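Numbering (this note's numbering), first residue to last: 390 to 562.
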Amino acid sequence: MIAPLLLQSKVMKEAGNHVTTVLGARSQEFLMMEEEANRYSDKVYIATDNGSKGYTGVGFLNELLKKEKFDHCVVMGPVVLMKDVSEITKPFGIPTIVTTTPIMIDGMGMCGVCRVTVGGKMLFGCVDGPEFDGHQVDFDELIMRQRTMLPEERLSSVLADMHGGCKCGRNKA
Ligand code: FES
């Protein structure tokens with residue numbers, strides 16, 4: 390979710406903040422919008438899951454947070470990434486906002502499918518979020534809930550590939 394993250398970087402920069410952006414992707418070919426990241430940030434770090442560009446994974450953030458002071462962190466991306474980054478920022482006491490992506494149906498607070506447990510309370514991603522305090526989100530439950538429809542998503546991906554459709558590769562693991 391690089392595009393919406395950069396929108397936040399842009400707004401924060403325009404408000405006079407010192408902005409550091411970490412762009413991540415599965416591998417180099419999935420990285421995008423580096424130019425925009427440089428435009429809207431004072432510093433940019435790159436990380437890829439396979440190390441094809443920049444740091445490998447998000448482990449480097451531990452060292453970065455020891456060296457530099459951050460007042461606020463915003464994380465967008467896969468739930469596992471949001472969980473990992475929140476676990477890294479928590480001991481440093483850095484307020485961390487995550488943009489959860491629960492499965493949604495009506496988007497109006499009626500069906501309850503987007504439930505996210507935050508600080509022990511059940512909230513709805515569609516009307517209470519989707520941004521929540523990353524140090525309070527029950528990520529393990531969220532991951533389990535997101536996997537509810539995985540077989541159907543994989544089937545849909547296969548069918549889309551057969552018809553020359555979606556090439557995101559999200560469900561090919
Ligand atoms: S999507 Fe139905 S309650 Fe949130």
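Glycine included, each C-beta is placed from N, C-alpha and C at the ideal position. The structure presented is a predicted model; accordingly, all values stated were derived computationally and were not measured.
{"Check": "Proximal residues to S441 (C-beta, below 7 Å), its chain only, five neighbours per side dropped", "Outcome": "S416 and Q417"}
{"Check": "Reduced DSSP secondary structure (H/G/I, E/B, other) of P519", "Outcome": "coil"}
{"Check": "Nearest candidate by alpha-carbon position, reference G448, set D460, D431 and M471", "Outcome": "M471"}
{"Check": "Test item, CB below 7 Å from any non-hydrogen atom of the ligand FES", "Outcome": "M493, I494, D495, G496, M497, G498, M499, C500, G501, V502, C503, F513, G514, C515 and V516"}
{"Check": "8 Å Cβ shell around Q535 - same chain, five flanking residues per side excluded", "Outcome": "V468, T490, P491 and I492"}
{"Check": "N451 versus D495, V464 and D473, residue with shortest Cα-Cα distance", "Outcome": "D473"}
{"Check": "M465 versus I391, D495 and F459, residue with shortest Cα-Cα distance", "Outcome": "I391"}
{"Check": "Alpha carbon of R428 to alpha carbon of L395, nearest angstrom", "Outcome": "10 Å"}
{"Check": "Ordered list of alpha helix (DSSP H) runs contained in the region 480–519, each at least 4 residues", "Outcome": "514–517"}
{"Check": "Assigned exposure category for L420 - 16 Cβ within 10 Å defines buried", "Outcome": "buried"}
{"Check": "In DSSP terms, what A414 is bridged to", "Outcome": "T437"}
{"Check": "Distance between beta carbons of V487 and V363, contact taken as under 8 Å", "Outcome": "No statement about residue 363 is possible, as the shown extent of the chain runs from 390 to 562 and does not include it."}
{"Check": "Other residues of its chain near C515: CB distance less than 7 Å, five sequence neighbours each side excluded", "Outcome": "M493, G496, M497, G498 and C503"}
{"Check": "Alpha-carbon to alpha-carbon, E520 and A426", "Outcome": "21 Å"}
{"Check": "Contact under 7 Å by Cβ, S398 with V408", "Outcome": "yes"}
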